[in-house]
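In the numbering used here, the protein residues as written are 1 to 174.
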């Protein structure tokens with residue numbers, strides 16, 4: 001076998017492995033990406049580092065629109081307004097998935113995940129001493145301030161209900 005048969009040396013990558021799509025100008029890549037919908041735009045971002053840096057992350061409005069796709073329905077995914085990610089339903093509090101903040105609800109733009117809800121804001125440290133169970137019986141940490149506020153509301157509500165019941169039945173109040 002002669003050396004003239006070898007067109008490439010072993011150290012050089014073969015040129016036929018480079019896709020013609022990758023040889024297109026960056027401007028065309030951006031124009032093509034603008035026509036892609038979810039989840040195709042995410043799949044393109046995941047193909048290589050070039051497209052991951054070229055294509056900007058989805059905006060909150062785009063994530064809310066993507067919630068309506070079959071992919072999001074099948075995987076029970078919801079958009080978080082703070083971290084701008086799709087998260088499974090188990091990562092959200094029950095109130096974030098019901099009523100006005102449900103999928104297609106009028107306050108869906110205000111939905112946020114548990115992790116973002118528990119993050120300290122403006123440098124305020126939170127003391128996580130209490131735990132609650134969510135609808136899936138998973139433990140979640142709740143800051144002491146939020147827990148105390150919940151207990152105050154609960155005691156106030158029970159006081160009103162018990163006061164109404166005792167007056168309705170003619171019981172003497174303490």
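Each residue gets a CB set at the ideal place from its N, CA and C atoms; glycine is no exception.
The C-alpha of residue 93 lies about 7 Å from the C-alpha of residue 113. Secondary structure at residue 79: strand, using DSSP grouped into helix, strand and coil. Ranked by Cα distance from residue 38, the options 96, 59, 118, 102 are led by 59.
Under the DSSP definition of a beta bridge, residue 88 partners with 77. Here residue 155 is exposed: its Cβ has fewer than 16 other Cβ atoms, across all protein chains shown, within 10 Å. Counting only residues of its own chain and dropping the five nearest sequence neighbours on each side, residue 33 has a CB closer than 8 Å to the CB of 41, 44, 51, 54, 55. Counting every other CB atom within 10 Å of its CB across the protein chains shown gives residue 31 a total below 16, marking it as exposed.
Residue range 49–54 is occupied by the alpha helix (DSSP H) that includes residue 49. Counting only the Cα atoms, residue 77 lies some 20 Å from residue 118. Closest option to residue 63, judged by alpha-carbon separation, among 110, 152, 18, 47: 110.
Residue burial annotation: residue 48 is exposed, with fewer than 16 other C-beta atoms found within 10 angstroms of its C-beta.
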